[in-house]
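Visitor: Just dropping this structure here.
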Amino acid sequence: MTVVTVNRGGPGYSDVRRFSLARFGGRWLSPVILLLLWELGSRSGLIPERTLAAPSAVIGTLVEMLLSGELPSNLLVSFARVAAGLLIGVVLGLGLGLVAGLSRTGELAVDPLMQIKRTIPALALTPLFIVWFGIGETPKVALIAFGTIFPVYLNLYSGIRSVDLRLLDAAKSFGLSRWEQIWHVVLPSALPSLLVGLRYALSVSILVLVVAEQINASAGLGYLINNARDFMRTDIIVVCLMVYAILGLGADWLVRSIEARALIWRPSIVEQ
């Protein structure tokens, strides 16, 4: 009679258990514990409602705002602002990055000004933009655009200047013209850096949006936060902060998806 013994304590067994815990439970454990402590503190009175609403109250408020249409309508306003500012900033950043990266004359003309711009925080220009553009939608969009130009510019410029010279030599040996070299060699090589800059620009746009919507807004997430602050509605404030966070995560996911498709040719050094 043969007895087969299964070694559950073998070298691979503990690794599998550790992997399963990390993948299916470990990453969510600390957030869940934090939420439970938060809820317990609110229900026991240790955390006053005016200081921070309980998670259950926040979820209830979120459902109410969704059903009433208050949150979707204001979210659309905020989304339009960030989309307009981001579009302007990315287009300007692309143009300036191409000019500075592909031409020595363009670099001398553009890069010094962009480096000066880099040292000026976008939010520090809020009072000046209000003087120039008033308190309507224009200063909000302008702040977002100003804040997103440099990440796109710098990463595209760096990507272009970091192209492997051996690739350009190979392109020349095949008889490609200057513009064909740019289209088939330079721009594909700079694409990974550009996508990094785009991810950073999206994060900056959400950050600037939070401040920009404090400028006399009559709609948008910032408007909801200002009203909630006046009435000490911390549940609404937390809901809006959650939406800001979801916008940031969604933007990052979008660029990652584009990166996965556009850079499918790039080898990965990370094992699956």
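Each residue of the sequence shown is one higher than the last, beginning at 8 in this note's numbering. Backbone N, C-alpha and C fix where the C-beta goes; we use that ideal spot for every residue, glycine too.
Suppose the cutoff is 8 Å on Cβ atoms and the five residues either side in sequence are ignored; what does the same chain contact list for Leu163 look like?
Guide: Looking up residue 163 in the sequence shown gives position 156. Gly100, Leu101, Gly104, Leu105, Gly108, Ala197, Ser200, Leu201 and Gly204, listed in sequence order.
Visitor: Does the stretch 242 to 254 come within contact of the stretch 68 to 77, defined as at least 3 CB pairs closer than 8 Å?
Guide: Output reads yes: the stretch 68 to 77 touches the stretch 242 to 254.
Visitor: Where does Ala208 land, buried or exposed, given buried means 16+ other C-beta within 10 angstroms?
Guide: Sequence index remark: in the sequence shown, residue 208 carries index 201 (1-based). Buried, by the Cβ-count rule.
Visitor: Which residue comes first and which comes last in the alpha helix (DSSP H) that contains Asp116?
Guide: Counting from one through the sequence shown, the residue named residue 116 turns up at place 109. Looking at the sequence shown, residue 116 is not Asp but Ala. Where Ala116 is concerned, the enclosing alpha helix (DSSP H) stretches over Arg111 to Arg125.
Visitor: Measure the alpha-carbon distance for Arg263 versus Gly255 and round it to whole angstroms.
Guide: For this step, residue 263 is matched to residue 256 along the sequence shown. For this step, residue 255 is matched to residue 248 along the sequence shown. Taking the straight line joining both Cα atoms gives about 12 Å.
Visitor: Assuming Ser212 and Gly154 are in contact, meaning their beta carbons sit under 8 Å apart, how far apart are those beta carbons, in whole angstroms?
Guide: Within the sequence shown, the letter at position 205 stands for residue 212. Within the sequence shown, the letter at position 147 stands for residue 154. Their Cβ separation, rounded to whole angstroms, is 7 Å, which keeps Ser212 and Gly154 in contact under 8 Å.
Visitor: Just to confirm before moving on: does the CB-CB distance between Ala91 and Val148 stay below 7 Å?
Guide: Position 84 of the sequence shown, counted from the first residue, corresponds to residue 91. Position 141 of the sequence shown, counted from the first residue, corresponds to residue 148. Yes, they are a contact pair.
Visitor: Measuring alpha carbon to alpha carbon, tell me which residue in Leu135, Leu78, Leu248 and Ala226 is nearest Ala60.
Guide: Numbered from its first residue, the sequence shown carries residue 60 at position 53. Considering only alpha carbons, the answer is Leu248.
Visitor: May I have the straight-line CA-CA distance separating Ile137 from Pro146, to the nearest angstrom?
Guide: Taking the sequence shown and counting its residues from 1, the one referred to as residue 137 is at position 130. Taking the sequence shown and counting its residues from 1, the one referred to as residue 146 is at position 139. Distance between the alpha carbons of Ile137 and Pro146 is about 6 Å.
Visitor: Closer than 6 Å by C-beta to Val23: which residues in its own chain qualify, once you throw out the five before and the five after it? Chain order, please.
Guide: Within the sequence shown, numbered from 1, the residue matching residue 23 stands at position 16. For Val23, the predicted structure reports a pLDDT of 49, less than 50, and the residue's modelled location is therefore unreliable. A value from the coordinates is still provided. No residues qualify anywhere along the chain.
Visitor: Take Leu172 as the anchor and find which of Glu77, Gln188 and Leu78 has the nearest alpha-carbon.
Guide: Against the sequence shown, residue 172 aligns to sequence position 165. It is Gln188 whose Cα lies nearest to the Cα of Leu172.
Visitor: Thinking C-beta only, is Ile151 closer than 7 Å to Val89?
Guide: Your numbering for residue 89 matches position 82 in the sequence shown. Your numbering for residue 151 matches position 144 in the sequence shown. Yes, the Cβ-Cβ distance between Val89 and Ile151 is below 7 Å.
Visitor: Which residues in the same chain as Ser85 place their Cβ atom closer than 6 Å to its Cβ, once the five residues preceding and following it in sequence are excluded?
Guide: The count along the sequence shown starts at 1 and reaches residue 85 at position 78. Correct list, in chain order: Gly227 and Leu228.
Visitor: I need the straight-line Cα distance from Val159 to Leu175, nearest angstrom please.
Guide: Numbered from its first residue, the sequence shown carries residue 159 at position 152. Numbered from its first residue, the sequence shown carries residue 175 at position 168. Roughly 23 Å between the two C-alpha positions.
Visitor: CA-CA distance, Val217 and Gly166?
Guide: Looking up residue 217 in the sequence shown gives position 210. Looking up residue 166 in the sequence shown gives position 159. Rounded to whole angstroms, Val217 to Gly166 spans 30 Å at the Cα level.
Visitor: Run through the stretch 178 to 215 for me and flag every whole alpha helix (DSSP H) of 4 or more residues, listed as ranges in chain order.
Guide: Fully enclosed alpha helix (DSSP H) runs of 4 or longer: 185 to 188.
Visitor: Identify the continuous alpha helix (DSSP H) that holds Phe157 and give its terminal residues.
Guide: Locating residue 157 in the sequence shown gives position 150, counting from the first residue. Glu144 to Arg168 is the span of the alpha helix (DSSP H), which, as asked, contains Phe157.
Visitor: What do you reckon, are the CB atoms on Ala129 and Val215 nearer than 7 Å?
Guide: As a working note, residue 129 is residue 122 in the sequence shown. As a working note, residue 215 is residue 208 in the sequence shown. Yes; because the gap between Cβ atoms is below 7 Å, this pair is in contact.
Visitor: For Thr68, collect the residues of the same chain with a Cβ closer than 7 Å to its Cβ; drop the 5 residues on either side in sequence, then sort them by chain order.
Guide: Reading the sequence shown from its first residue, position 61 is the one you call residue 68. Closer than 7 Å at the Cβ level, and outside the excluded window around Thr68, lie Asp242, Ile243 and Val246.
Visitor: Should Pro62 and Trp35 be called a contact, given that it needs their Cβ atoms to be closer than 7 Å?
Guide: Working through the sequence shown from its first residue, we reach residue 62 at position 55. Working through the sequence shown from its first residue, we reach residue 35 at position 28. No, these two residues do not count as a Cβ contact at 7 Å.
Visitor: Could you give the C-beta distance for Ala178 and His191, rounded to a whole number, given that I count them as a contact under 8 Å?
Guide: Indexing the sequence shown from 1 puts residue 178 at position 171. Indexing the sequence shown from 1 puts residue 191 at position 184. Right, their Cβ atoms sit about 7 Å apart.
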